[in-house]
Every structure is written in structure tokens, then in C-alpha cells.
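**Student:**
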Amino acid sequence: MVLKRRQDHISTDSPSRMKAHKWWRVVRRVFFYGIILPVFVCCLGILFCNYRISKYGEGKVFGDTTFIPYNKVGLLLGTSPRVKGGKTNPYFKNRIDAAEELFESGKIKYILISGDNRRHNYNEPQAMKDSLVNRGIPKESLVLDFAGLRTLDSMVRSKEIFGQDSVTVISQQFHNERAIYLARHYGIHAIGYNAKDVSAYEGLKTQIRELLARVKVFVDFFVNKQPRHLGEKIEIPE
Numbered sequence: 001m002v003l004k005r006r007q008d009h010i011s012t013d014s015p016s017r018m019k020a021h022k023w024w025r026v027v028r029r030v031f032f033y034g035i036i037l038p039v040f041v042c043c044l045g046i047l048f049c050n051y052r053i054s055k056y057g058e059g060k061v062f063g064d065t066t067f068i069p070y071n072k073v074g075l076l077l078g079t080s081p082r083v084k085g086g087k088t089n090p091y092f093k094n095r096i097d098a099a100e101e102l103f104e105s106g107k108i109k110y111i112l113i114s115g116d117n118r119r120h121n122y123n124e125p126q127a128m129k130d131s132l133v134n135r136g137i138p139k140e141s142l143v144l145d146f147a148g149l150r151t152l153d154s155m156v157r158s159k160e161i162f163g164q165d166s167v168t169v170i171s172q173q174f175h176n177e178r179a180i181y182l183a184r185h186y187g188i189h190a191i192g193y194n195a196k197d198v199s200a201y202e203g204l205k206t207q208i209r210e211l212l213a214r215v216k217v218f219v220d221f222f223v224n225k226q227p228r229h230l231g232e233k234i235e236i237p238e
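According to this note's numbering, the stretch in the sequence shown is residues 1 to 238, in order.
Shown next, in the form of C-alpha cells:
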């Protein structure tokens with residue numbers, strides 16, 4: 001009698017347990033293949049892109065004017081002079097410092113300032129030019145590129161518009177590494193002079209954006225991305 005009751009209980013309960021087990025297996029598979037695996041692949045891709053770009057930049061970026069080779073043109077990559085709240089953008093100030101150092105050391109003859117001027121009230125190249133002139137850099141040594149909307153645009157335009165096959169990029173190291181990697185793809189020989197970086201706290205958002213920007217480099221290569229604007233050639237004197 002007791003045995004029969006136990007058998008009845010097992011036979012009644014088994015189908016529901018089997019159903020729950022199958023449902024749980026489906027949930028685990030969906031979770032793994034729909035979330036865990038894609039996230040893992042994305043993280044792996046981000047790490048790979050960042051490694052490739054940083055590795056290629058080894059020996060091509062410099063933090064001291066003593067050892068950096070001479071190039072006629074230093075390509076100063078634009079950024080906003082101010083951050084939200086009106087404070088001075090440390091990336092801007094440090095790039096201006098680096099451009100001044102490089103020019104005064106005699107390692108470049110001209111500074112090609114390339115940045116964003118899409119809006120009437122926003123002009124990165126002019127802001128940088130004004131800062132450099134205020135520091136005593138001659139106006140005739142400064143050339144402005146108002147269509148450097150992205151790093152890719154700045155690099156390609158330095159060759160296609162301004163006729164430079166070889167440039168010294170001036171920005172923070174992480175930015176220089178990406179610019180140099182882009183330059184290789186578009187047939188430009190580039191080295192970088194590193195502006196001082198900012199603190200980890202101040203630069204957190206920028207560093208996160210940089211991770212994604214490095215992935216986009218490879219996407220741009222795949223789709224053969226070109227600058228938004230080209231136009232007539234502009235000669236930089238010898």
C-alpha cells in the first residue's frame with residue numbers, strides 16, 4: 001500500500017519536473033547564446049582592436065623633443081577649448097603646450113591645425129590658432145584646416161588637401177596611436193608627439209570613447225570610409 005502511494009506520487013510528479021528541467025535548459029541556452037557569448041565576443045573584439053593599434057604605435061610616439069625626428073609639418077588635432085561649465089579643457093591646453101614645445105625645438109616648421117568648424121559658434125582650429133599666437137608662434141607658421149571633423153578626416157586631408165606624405169601628429173598618446181594607425185592605411189608616414197594626458201578621473205569618458213573609436217577604425221577600413229569634405233588643394237610652403 002505504501003509502495004503504491006510512493007509510485008503514484010513519482011509518476012504524477014515526474015512530467016512536471018521534466019518540463020521544468022527542459023524550460024530551464026532553454027533559459028540557460030538563451031542566456032548564454034543571446035547575452036553571455038555576444039558580450040564576450042564584443043569584449044574580445046574591443047581588446048583586439050586596442051592591442052593592434054597600441055602595438056603598431058610602439059616606437060612611433062615620442063614624449064621628448066630630443067629624440068623625435070624632424071617633419072616639416074606638425075598636425076595638431078583639434079578639441080574644444082572649454083568643457084561644460086566653462087572651465088578650460090585640459091586636453092586643449094596640453095595639446096597647445098605640446099605644439100609650442102615641438103615648434104620651439106625646431107622639430108617642425110609649420111603647424112597644421114585640424115579641427116571641427118561645423119557650427120558658426122564653434123571653431124576648434126581658430127581657438128587653437130589664437131592660443132598659439134598668444135604664445136608667440138608666428139601666424140605665417142600656422143595653417144588651418146576647418147574640415148577636420150574626425151581624426152580620419154584630419155589625417156586624410158593632411159595628404160589629399162595639404163600635400164603632406166609625412167607628418168608629426170600632436171595630441172595625447174592614445175589619440176596619436178589611433179591617428180598613426182589610420183595614417184598607415186591611407187598611405188601617410190606619421191609619428192606622434194605626445195601631449196600630457198589628464199587624470200584618470202577627468203579623462204574617464206574620453207578613455208571609454210577611445211575604446212569604441214578604435215573599433216570604429218576597423219569598421220571604417222572595411223567600408224573604405226573617406227572624409228566628409230575634400231576640395232581644392234592648399235599648398236604649404238617649403
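Even for Gly, the Cβ is constructed at its ideal location relative to N, Cα and C. Note that the structure is predicted; figures quoted are calculated from it, not measured.
1) For H189, which three-state DSSP category applies?
2) Note down the Cα distance separating R82 from E101, rounded to an integer number of angstroms.
3) Hey, quick one: how far does the beta strand (DSSP E) through S114 stretch, first residue to last?
4) Would you list the one or two residues that DSSP bridges to V143?
5) Apart from the five residues just before and just after N94, which ones in its own chain have a Cβ nearer than 8 Å to its Cβ?
6) Hey, could you find the ends of the alpha helix (DSSP H) T206 is sitting in?
7) On the premise that L152 lies in contact with K225, defined as a C-beta separation below 8 Å, what is that separation, rounded to the nearest angstrom?
8) For S171, list the residues DSSP reports as bridge partners.
9) Which one of I111, L76, F162, I191 has the shortest CA to CA distance from G59?
10) Please classify H120 as buried or exposed, where buried requires at least 16 other C-beta atoms within 10 Å of its C-beta.
11) Taking 8 Å as the threshold, find out whether the segment 67–81 comes into contact with the segment 36–46 through three or more Cβ pairs.
12) Output the distance between the C-alpha atoms of I113 and L47, rounded to the nearest integer angstrom.
13) Using the Cβ count rule (16 or more neighbours within 10 Å means buried), how would you classify V223?
14) Just verifying my parser: in three-state terms, what is the DSSP assignment at G78?
15) DSSP three-state call for T88: helix, strand or coil?
16) Exposed or buried, which one is Q207 when buried takes at least 16 other CB atoms within 10 Å?
17) Considering only C-alpha positions, which residue in the set G57, I161, H189, F174 is nearest to L204?
**Tutor:** Well, looking at it:
1) On the sequence shown, position 189 is the one that residue 189 refers to. H189: strand per DSSP, three-state reduction.
2) In the sequence shown, counting from the first residue as 1, residue 82 sits at position 82. In the sequence shown, counting from the first residue as 1, residue 101 sits at position 101. Roughly 22 Å separates the two Cα atoms.
3) The count along the sequence shown starts at 1 and reaches residue 114 at position 114. That run of the beta strand (DSSP E) goes 110–114.
4) The residue you call residue 143 lines up with position 143 of the sequence shown. In DSSP, V143 forms a bridge with L112.
5) Counting from one through the sequence shown, the residue named residue 94 turns up at place 94. So the list reads Q172, A195, K196, D197, V198, once near-sequence residues are dropped.
6) Taking the sequence shown and counting its residues from 1, the one referred to as residue 206 is at position 206. Start and end: 204–222.
7) Here residue 225 is taken as the residue at index 225 of the sequence shown, counted from 1. Here residue 152 is taken as the residue at index 152 of the sequence shown, counted from 1. Confirmed, Cβ separation roughly 6 Å.
8) The sequence position of residue 171 within the sequence shown is 171, counting from 1. Answer is N194, bridged to S171.
9) Locating residue 59 in the sequence shown gives position 59, where the first residue counts as 1. Distances from the CA of G59 to each of I111, L76, F162, I191 were compared; the closest alpha carbon is that of I191.
10) Along the sequence shown, one-based indexing puts residue 120 at 120. Counting Cβ neighbours within 10 Å, H120 comes out exposed, since fewer than 16 surround it.
11) Between the segment 67–81 and the segment 36–46, the count of C-beta pairs closer than 8 Å stays below three; the two stretches do not touch.
12) The sequence position of residue 113 within the sequence shown is 113, counting from 1. The sequence position of residue 47 within the sequence shown is 47, counting from 1. Rounded to the nearest angstrom, the two C-alpha atoms are 31 Å apart.
13) The sequence position of residue 223 within the sequence shown is 223, counting from 1. Label assigned to V223: exposed.
14) Looking up residue 78 in the sequence shown gives position 78. In the structure shown, G78 sits in coil (DSSP, three-state: anything other than H, G, I, E or B).
15) Position 88 of the sequence shown, counting from 1, holds the residue named residue 88. The answer is strand: DSSP assigns T88 an E or B state.
16) Within the sequence shown, the letter at position 207 stands for residue 207. By the 16-neighbour rule on beta-carbons within 10 angstroms, Q207 is exposed.
17) Stepping through the sequence shown from its first residue, residue 204 is reached at position 204. Checking every option, the nearest Cα to that of L204 belongs to F174.
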